[in-house]
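Student:
Numbering (my numbering), first residue to last: 15 to 92.
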């Protein structure tokens with residue numbers, strides 16, 4: 015494969031035109047605080063609610079940002 019017009023700082027092994035093709039766009043670190051509650055209904059059904067807030071977020075490269083999250087979950091035991 016002959017690759018032409020490669021920029022000076024571009025890796026010749028990465029030819030896909032997506033941001034995730036570069037190893038420098040992976041990882042980072044984050045710190046979150048969360049509070050939640052679970053309850054069991056009729057011995058088989060469990061409902062949970064959790065709220066998370068990002069306290070510190072740093073991503074390497076281009077990644078989606080973290081926001082506050084509210085999670086509602088349901089589980090059925092067999």
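No residue lacks a Cβ here, since even glycine has one placed at the ideal position from N, Cα and C.
(1) Do residue 66 and residue 42 have their C-beta atoms within less than 8 angstroms of each other?
(2) Among 58, 47 and 36, which residue has its Cα nearest to the Cα of residue 68?
(3) Find the nearest neighbour of residue 70 within the set 63, 61 and 82, judged by alpha-carbon distance.
(4) At which residue ranges does the segment 25-88 contain complete beta strand (DSSP E) runs of 3 or more residues, listed in the order of the chain?
(5) Might you give, ordered along the chain, the residues of its own chain that have their beta carbon closer than 8 angstroms to the beta carbon of residue 39, omitting 5 neighbours on each side?
Tutor: By the coordinates alone:
(1) Locating residue 66 in the chain shown gives position 52, counting from the first residue. Locating residue 42 in the chain shown gives position 28, counting from the first residue. No. Outside cutoff.
(2) In the chain shown, residue 68 corresponds to position 54, counting from 1. It is 47.
(3) Here the question's residue 70 lines up with position 56 in the chain shown. Cα-wise, what sits closest to residue 70 is 82.
(4) 42-55 and 59-73
(5) Here the question's residue 39 lines up with position 25 in the chain shown. Counting only Cβ-Cβ distances below 8 angstroms, and skipping sequence neighbours, we find 33, 74, 75, 76 and 77.
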